[in-house]
Amino acid sequence: MSLFWRIFLLNAAVLVVAMVVLILTPLTVSAPVLLPEVLILTGGLVAMLVANAVLLRVGLRPLDRLTRAMTTIDLLRPGRRLTVTGEAGIADLIRTFNTMLDRLEAERAASTGRALSAQEAERQRIARELHDEIGQTLTAVLLELKSVADHAPPPVSERLHQVQETTRNGLDEIRRIARRLRPGVLEELGLTSALKALAAEFSTGGLTVQHSIQRHADLGRDVELVLYRVAQECLTNTARHAGARHVDLRLTGWGTGVELCIRDDGRGPGDAPEGAGIRGMRERALLIGADLALGPAVGGGTEVRLRVPAPAESE
């Protein structure tokens with residue numbers, strides 16, 4: 001029975017009961033209306049309204065759960081579904097909502113995958129241009145500065161050597177940026193070496209990154225790239241915002257899959273809303289069917305756990 005007919009019949013039943021009471025009991029309404037009659041009618045009206053409100057509240061309670069779910073649902077935390085309860089109309093509505101979530105999550109994962117693939121391709125293109133174009137140009141400038149400095153008088157030669165050193169630092173920074181945009185070590189040497197190199201890169205400026213990385217069988221290019229990018233984003237956030245002195249990076253087995261755990265001793269996540277970096281990590285985790293958990297670490301700081309199922313399950 002539809003929701004309309006249930007509400008209609010509920011109100012009709014209340015009115016029929018009131019009419020039967022008036023017909024089968026000695027209750028009457030005189031003209032002018034007497035005070036006892038007013039009290040009786042008022043009491044009957046209140047009783048009907050209370051009964052109507054209670055019955056409607058019980059019947060429409062599943063709609064309240066649906067409303068709360070619609071206002072709190074987050075497509076970056078998939079898997080939440082409402083239990084199908086209630087009568088036919090409400091149960092159909094909840095079932096339709098769950099089906100809509102299935103479709104939205106699938107479409108979100110597909111569109112995110114295309115966007116991230118395009119982003120990786122753009123990163124590789126920029127990295128190649130930085131390395132091949134700007135890097136070669138600065139290398140040529142360095143050689144020219146060296147040639148000029150070797151034949152210049154001492155005061156000018158000293159200034160040229162300073163410019164040469166500044167140019168060399170700029171070239172090193174460009175190469176570092178290119179390596180972050182396009183992790184060649186990941187493609188050439190694998191995930192274990194890439195994570196070790198990443199830990200060594202961030203172990204500067206008062207931040208110490210210790211790592212414990214177990215070797216695993218081939219996880220697949222997409223899974224390894226997600227693990228690397230999540231670790232890179234976590235270490236970047238820690239170095240920029242956490243005020244931490246020590247970071248522990250671990251890659252271990254988890255069931256038949258792997259788990260990446262990054263824990264620091266910084267100020268912790270606090271109550272700040274999730275930024276674009278964290279939401280980007282969640283989107284990457286969705287691509288491989290992984291579960292990303294972020295929160296305060298035991299003893300202070302922040303802990304990020306990325307649990308990746310076995311490759312056969314994530315495909």
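Here full-length UniProt numbering is used: the sequence shown runs in plain steps of one and ends on residue 315.
We put the CB at the ideal spot given by N, CA and C, even for glycine.
Extent of the continuous alpha helix (DSSP H) to which residue i belongs
i, result
"V258", "Where V258 is concerned, there is no enclosing alpha helix (DSSP H), although the beta strand (DSSP E) it sits in stretches over G257 to D264."
"V148", "G135 to H151"
"E274", "No alpha helix (DSSP H) contains E274, which DSSP labels as neither H nor E."
"A239", "No alpha helix (DSSP H) holds A239; DSSP gives it neither H nor E."
"T25", "First-last for T25: undefined, no H or E at that position."
"V185", "G184 to L189"
Neighbourhood of residue i by C-beta distance below 6 angstroms, restricted to the same chain and skipping five residues each side
i, result
"H246", "T208 and D265"
"E315", "For E315, the predicted structure reports a pLDDT of 40, less than 50, and the residue's modelled location is therefore unreliable. A value from the coordinates is still provided. Hits under 6 angstroms: none found."
"T192", "I213 and R215"
Neighbourhood of residue i by C-beta distance below 8 angstroms, restricted to the same chain and skipping five residues each side
i, result
"E313", "For E313, the predicted model reports a pLDDT of 43, less than 50, meaning its position is unreliable; a value from the coordinates is still stated below. The residues are T256, G257 and G289."
"L195", "H211, I213, L227, Y228, A231, L249 and L251"
"V84", "A91, I94, R95 and N98"
"I73", "R80 and L101"
"W5", "none"
Residue i (DSSP reduced to helix, strand or coil)
i, result
"D64", "helix"
"V247", "strand"
"A293", "strand"
"R279", "helix"
"T166", "helix"
"residue 316", "Past the edges of the chain, shown from 1 to 315, lies residue 316, and the structure says nothing about it."
"T302", "strand"
"G44", "helix"
"H161", "helix"
"G270", "coil"
"R114", "helix"
"T85", "coil"
"T96", "helix"
"P32", "coil"
"S314", "Here S314 scores only 42 on pLDDT, less than 50, and its place in the model should not be relied on; the value that follows carries that caveat. In this structure, S314 counts as helix in the three-state DSSP scheme."
"S216", "The sequence shown places His at residue 216, not Ser. Correct three-state label for H216: coil."
"R284", "helix"
Proximity of residue i and residue j at Cβ, strictly below 7 angstroms
i, j, result
"A178", "L249", "no"
"A231", "F202", "no"
"residue 316", "L260", "Because the chain spans 1 through 315 in this model, residue 316 falls outside it and cannot be assessed."
"G243", "R267", "yes"
"L60", "A69", "no"
"C234", "V304", "yes"
"L181", "A115", "no"
"T112", "E224", "no"
"V21", "M48", "no"
"W254", "R307", "yes"
"L10", "L55", "yes"
"V270", "N237", "The sequence as given places Gly at residue 270; Val does not occur at that position. Cβ atoms of G270 and N237: not closer than 7 angstroms."
Residues near residue i in its chain [Cβ-Cβ closer than 7 angstroms; skip 5 each side]
i, result
"A53", "none"
"residue 318", "Since the first residue shown for the chain is 1 and the last is 315, residue 318 is missing from the structure and cannot be characterised."
"D222", "L287 and I288"
"G135", "L171, I174 and R175"
"L145", "L160, V163, Q164 and T167"
"R123", "L181 and R182"
Residue i: first and last residue of the uninterrupted beta strand (DSSP E) it sits in
i, result
"T208", "T208 to I213"
DSSP bridge partner residues for residue i (one or two, in chain order)
i, result
"R307", "E259 and D291"
"W254", "G257"
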